[in-house]
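Student: Can you read through this structure? Questions will come right after.
Residue numbers (full-length UniProt numbering): 1 to 836.
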């Protein structure tokens, strides 16, 4: 109870009333805050904090005998039932705090006020009554009038509302995607209000997301930030609205803040239904709410299970079309609602050595992904003929090198993915999902370092003019341990023999697929120097040997015309081998011995030669040595104008004159019974018509069958007779003492000449150790001649070495062929007479 100063008793009662009114009029009423609670359609409880000052020098008790009237914008909208106020002299009530009840008297105008309250920075009330009772000086003064304007800071649209801890934890039982989120609501208002359960409707760019409601009563404290939790759902959407939802998801997942429109829907105070005037006010409120974006590790991995690359034209060198049928990715929904990728496209940057190498844009296309509710899910990807565009040509080339020579290539994949995700609200197009992962690709591993060659044949010559190189089709077997396919053209890998490049293995087209495969290939024999003896020895080995020939394939930058592949192919090193043909080129030799042979040591020959190739073999020149036991017995050099051997056929050379018996005719007679020769040739040959010319092809062939034919005017003579006649001719001159006998013998011989030749043939036997015309050739172990043949050869050689055999003939005029014939005939006749 207020204690009134007794000094007031001395005042004159007649002036007390006006003084009391004056004290009320000069007083100042201000409020610093107010809290509203227990809201209903009829009103609410009001807790007020403020001050009442300027009440004068008297203690006073102020009583509100009737509720004060609240006027806003000239309209009485409510009344407030206030408890009494005890004001101290001079001080008044500096810490005025009271509880009251506001009763709405005009629903429509109060609703307008409530709307104004939410949207504006402040409001002003006029509080009035003419039924105020003031007790002072022990005197009660009734019907004192009170009219005070009071102002409050209002809600001003509640700017700055934010959302945090945004979660989409599951599909919602009512349909759609369930939402759980926290929200911070800053308020600069001096009013606090316990709104109860508030329901909002969230929108984005005009598209309704769905309802959100506070999970407990929302009490906005004055001049503070209020935190609350809301739950709701994103409702199923139409096709057109799903595009807008996709924009929201895309930007949110790109960590971009998004602004939502949150529109009030309803309020319901605890224990009551919706409050009409407040609901109307809330429904007028649209909040701009910031949804902060977040980054998630959604795409967990990308695995290139296969890759098909096309490098066939210069314009594809640094933008080759690529395809894949079995690339896979693993993704994880960062939330708990069900999500399945049904369409996917990517922009992928492939990096190596910390630098960007190339970019691949894969258009969006149907995909089959697993369902993720926060778990990892697989996504199968495929694309066809999409260019892998170089971002750095040097790094691009290095990447292709890594694919070629490594067993496993490790690289970085970063970029963005565009997907269509099947969800409980529909198929949402989400773009720009970032990823940055490391991936591996099983690589070609230099084809295991080996290649297998088979089915080789020599088909002719080729190149500009048709004579630049020998063409030998074959099959190349390569092992590609990777899942990389490469389609390119004009591959030409250098082939090395004993360190010398002998040509290139040409593969066009080069269609490499995973696993073992056989590629049609052409070997182009084309050494840098056509006269290189090492290169030509390869041809010798290939044609005549049965052993495999070791080779090396060693790439260089000229192995491909595609610039981006040059570095990769220059590092290809393969070991391989080629089986020799083991061909016997010489089939038979005919040696023709004439009467003149015993005097000039010359014979004529022809030979049968077989062509094992699949093209014409042109023999332009031959230098040949015939040997027995390592000793050269015959030598000739012969140019040919038209010695052409068709493929797979045997052709006779035609008669070759002036073959020199190196050891002399007499010493050579002993090899006739052997009926064989070891032959060592060096030939100039042309492969195919007007084809590549091999300048010095060396071949050796042992135990070549030989037929010796004696063309001696029809005389029936044997080797002993020839030997004896030769000895007689070399021991005596054609002297006058024998002229009569010789004439007689010649007459007999002449009368019986019928051009009959005596042919002496024997079965082939073997010679001795072989030699070659050139020092670089290695000796080969040869079959051994029969004892009889050896004895015959030794006897002949001994006789040839005797003094009689070495005696110089008496000088005489150069004999004609007729003279030689008469001399041989006479010698043979003398030998026949002595034998008889």
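Just so it is clear, CB atoms sit at the ideal spot from N, CA and C, and this is done for glycine as well.
Check each candidate in 394, 282 and 610 and name the one with the smallest Cα separation from residue 840.
Tutor: Outside the modelled stretch of the chain, which goes from 1 to 836, sits residue 840, for which no answer is possible.
Student: Any idea which residues DSSP pairs residue 133 with across the strands?
Tutor: As a position in the chain shown, residue 133 is number 133, starting the count at 1. Beta-bridge pairing links residue 133 to 63.
Student: Residue ranges of each beta strand (DSSP E) run of no fewer than 3 residues wholly in the region 90-152, ordered along the chain?
Tutor: Listed in chain order, the complete beta strand (DSSP E) runs (minimum 3 residues) inside the region 90-152 are 93-104 and 122-136.
Student: Between which two residues does the beta strand (DSSP E) carrying residue 477 extend?
Tutor: Locating residue 477 in the chain shown gives position 477, where the first residue counts as 1. Per DSSP, residue 477 belongs to the beta strand (DSSP E) from 469-480.
Student: Quick one: what does DSSP say residue 20 is sitting in, helix, strand or coil?
Tutor: Looking up residue 20 in the chain shown gives position 20. Here residue 20 sits in helix by DSSP.
Student: Would residue 114 and residue 278 be called neighbours here (beta carbons separated by less than 8 angstroms)?
Tutor: Stepping through the chain shown from its first residue, residue 114 is reached at position 114. Stepping through the chain shown from its first residue, residue 278 is reached at position 278. A contact, by the Cβ cut-off of 8 angstroms.
Student: My assumption, with CB atoms under 8 angstroms, is that residue 382 sits in contact with residue 303. Please give the rounded CB distance.
Tutor: The sequence position of residue 382 within the chain shown is 382, counting from 1. The sequence position of residue 303 within the chain shown is 303, counting from 1. No, residue 382 and residue 303 are not in contact; Cβ-Cβ is about 13 angstroms, not under 8 angstroms.
Student: Give the DSSP-derived three-state secondary structure of residue 637 in the structure shown.
Tutor: By 1-based counting over the chain shown, the position of residue 637 is 637. Strand, per DSSP.
Student: Out of curiosity, what's the CA-to-CA distance linking residue 193 and residue 77?
Tutor: Start at 1 with the first residue of the chain shown, and residue 193 comes out as number 193. Start at 1 with the first residue of the chain shown, and residue 77 comes out as number 77. Those two C-alpha atoms are separated by around 18 angstroms.
Student: Are the beta-carbon atoms belonging to residue 248 and residue 258 less than 8 angstroms from one another?
Tutor: Reading the chain shown from its first residue, position 248 is the one you call residue 248. Reading the chain shown from its first residue, position 258 is the one you call residue 258. It is a contact, given that the beta carbons lie within the stated cut-off.
Student: Give the secondary structure of residue 298 by DSSP, where H, G and I count as helix, E and B as strand, and everything else as coil.
Tutor: On the chain shown, position 298 is the one that residue 298 refers to. Looking at residue 298 - three-state DSSP - the assignment turns out to be coil, as it is neither helix nor strand.
Student: Could you please give the first and the last residue of the uninterrupted alpha helix (DSSP H) stretch that includes residue 256?
Tutor: Counted from its first residue, the chain shown places residue 256 at position 256. Counting along the chain, residue 256 falls outside any alpha helix (DSSP H), and DSSP gives it neither H nor E.
Student: Quick check on residue 538: does DSSP put it in helix, strand or coil?
Tutor: Here residue 538 refers to the residue found at position 538 of the chain shown. The answer is helix: DSSP assigns residue 538 an H, G or I state.
Student: Between 88, 58 and 701, which lies nearest to residue 584 when the distance is taken from Cα to Cα?
Tutor: Taking the chain shown and counting its residues from 1, the one referred to as residue 584 is at position 584. Comparing Cα positions, the closest option is 701.
Student: With DSSP collapsed to three states, give me the class of residue 250.
Tutor: On the chain shown, residue 250 is found 250 positions in, with the first residue counted as 1. If DSSP states are grouped into helix, strand and coil, residue 250 belongs with the helices.
Student: Use the C-beta contact count for residue 801: other C-beta atoms within 10 angstroms, 16 or more gives buried, fewer gives exposed.
Tutor: Here residue 801 refers to the residue found at position 801 of the chain shown. Low local confidence applies: a pLDDT of 40 at residue 801 is under 50, so the model's placement there is unreliable, with the coordinate-based value given in what follows. Residue 801 should be labelled exposed.
Student: CA-CA distance, residue 339 and residue 323?
Tutor: What you label residue 339 is simply residue 339 of the chain shown in a count that begins at 1. What you label residue 323 is simply residue 323 of the chain shown in a count that begins at 1. So the two alpha carbons sit approximately 27 angstroms from each other.
Student: By the DSSP assignment, the beta strand (DSSP E) with residue 31 in it spans what residues?
Tutor: As a first step, residue 31 must be located in the chain shown, where it is residue number 31. It spans 28-37 - the beta strand (DSSP E) in which residue 31 sits, taken as one unbroken run.
Student: Go through its chain and collect everything with a Cβ distance to residue 579's Cβ below 7 angstroms, but skip five positions before and after it.
Tutor: Numbered from its first residue, the chain shown carries residue 579 at position 579. Here the set comprises 548.
Student: Let me make sure I understand the geometry here. Which of 574, 221, 396 and 640 has the alpha-carbon closest to that of residue 564?
Tutor: Locating residue 564 in the chain shown gives position 564, where the first residue counts as 1. With distances taken between Cα atoms, residue 564 lies closest to 396.
Student: Ordered along the chain, which non-local residues of its own chain (more than five positions away) have a Cβ less than 6 angstroms from that of residue 456?
Tutor: By 1-based counting over the chain shown, the position of residue 456 is 456. Excluding positions up to five away in sequence, the list reads 472 and 474.
Student: How is the beta strand (DSSP E) around residue 440 delimited, first residue to last?
Tutor: Locating residue 440 in the chain shown gives position 440, where the first residue counts as 1. Run containing residue 440: 426-442, per the beta strand (DSSP E) assignment.
Student: Taking only three categories from DSSP, how would you classify residue 673?
Tutor: Stepping through the chain shown from its first residue, residue 673 is reached at position 673. DSSP places residue 673 in helix when its eight states are reduced to three.
Student: Can you tell which of 520, 88, 602 and 260 has the C-alpha that lies nearest to the C-alpha of residue 137?
Tutor: In the chain shown, counting from the first residue as 1, residue 137 sits at position 137. Among 520, 88, 602 and 260, the Cα nearest to that of residue 137 is on 88.
Student: My guess is that residue 79 and residue 68 are in contact by the Cβ rule of under 8 angstroms, so how many angstroms apart are they, rounded?
Tutor: Counted from its first residue, the chain shown places residue 79 at position 79. Counted from its first residue, the chain shown places residue 68 at position 68. Indeed, because the Cβ distance is near 6 angstroms, the residues count as touching under 8 angstroms.
Student: Tell whether a beta-carbon distance below 8 angstroms holds between residue 614 and residue 689.
Tutor: Stepping through the chain shown from its first residue, residue 614 is reached at position 614. Stepping through the chain shown from its first residue, residue 689 is reached at position 689. No, they are not a contact pair.
Student: Does the separation of the CB atoms of residue 450 and residue 699 fall below 8 angstroms?
Tutor: Position 450 of the chain shown, counted from the first residue, corresponds to residue 450. Position 699 of the chain shown, counted from the first residue, corresponds to residue 699. Not in contact: residue 450 and residue 699 (Cβ atoms no closer than 8 angstroms).
Student: Going straight from the alpha carbon of residue 515 to that of residue 505, what length do you get?
Tutor: In the chain shown, the residue the question calls residue 515 occupies position 515. In the chain shown, the residue the question calls residue 505 occupies position 505. Cα-Cα distance, rounded: 20 angstroms.
Student: State the start and end residues of the unbroken beta strand (DSSP E) segment that holds residue 396.
Tutor: Locating residue 396 in the chain shown gives position 396, counting from the first residue. It is not in any beta strand (DSSP E) - residue 396 instead sits in the alpha helix (DSSP H) that spans 393-405.
Student: When you compare the CB positions of residue 446 and residue 405, do they come within less than 8 angstroms of one another, or not?
Tutor: Counted from its first residue, the chain shown places residue 446 at position 446. Counted from its first residue, the chain shown places residue 405 at position 405. Yes, the pair counts as a contact, with Cβ atoms nearer than the cut-off.
Student: Looking at residue 421 and residue 428, is the spacing between their C-beta atoms short of 8 angstroms?
Tutor: Counting from 1 along the chain shown, the entry for residue 428 is found at position 428. Counting from 1 along the chain shown, the entry for residue 421 is found at position 421. Their beta carbons are under 8 angstroms apart, which means residue 428 touches residue 421 by this criterion.
Student: Helix, strand or coil for residue 338 per DSSP?
Tutor: Here the question's residue 338 lines up with position 338 in the chain shown. Residue 338 falls in the coil class under three-state DSSP.
Student: What's the gap between the Cα of residue 355 and the Cα of residue 392?
Tutor: Position 355 of the chain shown, counted from the first residue, corresponds to residue 355. Position 392 of the chain shown, counted from the first residue, corresponds to residue 392. Going from the Cα of residue 355 to the Cα of residue 392 covers about 8 angstroms.
Student: Just verifying my parser: in three-state terms, what is the DSSP assignment at residue 446?
Tutor: The count along the chain shown starts at 1 and reaches residue 446 at position 446. DSSP places residue 446 in helix when its eight states are reduced to three.
Student: Return the first residue and the last residue of the alpha helix (DSSP H) that residue 280 is part of.
Tutor: Along the chain shown, read from residue 1 onward, the residue named residue 280 stands at position 280. It spans 276-283 - the alpha helix (DSSP H) in which residue 280 sits, taken as one unbroken run.
Student: Leaving out five residues before and five after residue 507 in sequence, what residues of the same chain have Cβ atoms less than 6 angstroms from its Cβ?
Tutor: Stepping through the chain shown from its first residue, residue 507 is reached at position 507. Answer for residue 507: 491, 519 and 521, listed in chain order.
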